[in-house]
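Quick note: the sequence shown, position 70, residue 77 per the numbering used here, numbers continuous.
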Amino acid sequence: MCSQWTSGAQGNPVDLVEDIVRARDWVYSRDDSRMIAAELQGCWGETSVCAAWHPHRAIMQVAAACRLPVPLAGTVTLLEMLAYANGMLEMGHFCFEQDASVLCFRHAVPLRGVVASRELLDYVLSTATNGLDQFYPAFQHALWGGKPPAKAVAAAMIQPIGEA
Numbered sequence: 008m009c010s011q012w013t014s015g016a017q018g019n020p021v022d023l024v025e026d027i028v029r030a031r032d033w034v035y036s037r038d039d040s041r042m043i044a045a046e047l048q049g050c051w052g053e054t055s056v057c058a059a060w061h062p063h064r065a066i067m068q069v070a071a072a073c074r075l076p077v078p079l080a081g082t083v084t085l086l087e088m089l090a091y092a093n094g095m096l097e098m099g100h101f102c103f104e105q106d107a108s109v110l111c112f113r114h115a116v117p118l119r120g121v122v123a124s125r126e127l128l129d130y131v132l133s134t135a136t137n138g139l140d141q142f143y144p145a146f147q148h149a150l151w152g153g154k155p156p157a158k159a160v161a162a163a164m165i166q167p168i169g170e171a
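Now the structure itself:
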């Protein structure tokens, strides 16, 4: 039977996220019923994932983040990269938390009147973490390698097949 949650049912979609995180062997903590935080090793470094449930609005917010050092003169390039990368995404968006020097992928899932399944939340978590893994090198190439943001994002969109 598929684990699911609806706005009229007993349950909490964070429980589904916890099941997914546990199955993936991510290190996690859950201090209350509305939020879970996890850590994993992404392709380019340590990645933090947070899922927060807002029951009154029936919205599940998911964020995945990793450190991204930005050179002093890199603000314009960073903003261009965010615009180009966000323009390529089918869901979610990138933002940059300047105080912590963190690149973040965020997505909100509205669940009012909708069934929240394990498959749906697994897809959202995968999209967030894979988005960071896919675009992180493009941000690095533009910020530190001098590659034009449009070309850096275009390179990130290439889907290689197989392994070298």
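Ideal Cβ placement from N, Cα and C applies to all residues, glycine included.
Per DSSP, the continuous beta strand (DSSP E) segment holding R37 begins and ends at 34-39. The C-alpha of T54 lies about 15 Å from the C-alpha of V131. V21 sits in a helix when the DSSP states are folded into three classes.
No residue range can be given for R64, since it is assigned to no beta strand (DSSP E) and is classified by DSSP as neither H nor E. Annotation: R31 is outside any alpha helix (DSSP H) and is labelled neither H nor E by DSSP.
DSSP, read as helix, strand or coil, puts G120 in coil. Within 10 angstroms of the beta-carbon of H148 lie 16 or more other beta-carbons, which makes it buried.
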